[in-house]
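Residue numbers (UniProt numbering): 1 to 141. Cβ atoms here follow ideal geometry from the backbone N, Cα and C, with glycine treated the same way. Since the structure is predicted, the reported quantities are computational estimates derived from the model, not experimental observations. A short write-up of the structure that comes next.
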Amino acid sequence: MNGASGDMGKSVSAIVVESGRVLLTWRDSDGERRLTLPGGPACPGESPEDTLARYVKAQTGLDVRAMTLAGFHFGLKSWNAAFNCQLLGGTLNADSQYMSVDEALRRKDLGELTRLMLAGHERALEKDEIFEMKNAGSLYL
């Protein structure tokens, strides 16, 4: 999706874990094919949950629901929120696959934001720091 139809500064990523393996999808970025978490930029007025469900379905063929906030990465003009997701159904397409977080982090073709989000997710799991998202909040800088 390009900037004309979505806001490239506000994006979401899905962390879908089944049997200890995380869902990744192949995406072309800067002329290179990279493994990334499924997700993408939001359309104006679209909720993060709706954006996430739309991208995961389009990129992987799977239906998911956002459950908890897993990570938040931000820069001066953009942010990405990663959500732990529950798998609801669907059929995995050929451009997507499950692999262990350790295996994914060892790959050279893993996207950088995906690397950051997975490393943070792994640390949180080790420390049991995943939390239920009961209320929304704001961060003001």
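- Here DSSP, grouped into helix, strand and coil, assigns Ala94 to coil.
- Secondary structure note for Arg107: it is in no beta strand (DSSP E), with a DSSP letter that is neither H nor E.
- Counting only residues of its own chain and dropping the five nearest sequence neighbours on each side, Gly111 has a CB closer than 6 Å to the CB of Arg34 and Thr36.
- Put simply, the backbone Cα of Tyr98 is about 31 Å away from that of Lys77.
- By a beta-carbon distance limit of 8 Å, Cys85 does not contact Val101. Their separation comes to about 15 Å.
- Every beta strand (DSSP E) stretch that sits fully inside the region 47-87 and reaches 3 residues is listed by chain position as 62-74.
- The beta carbons of Ala66 and Leu52 sit closer together than 9 Å.
- Residue burial annotation: Leu113 is buried, with at least 16 other C-beta atoms found within 10 angstroms of its C-beta.
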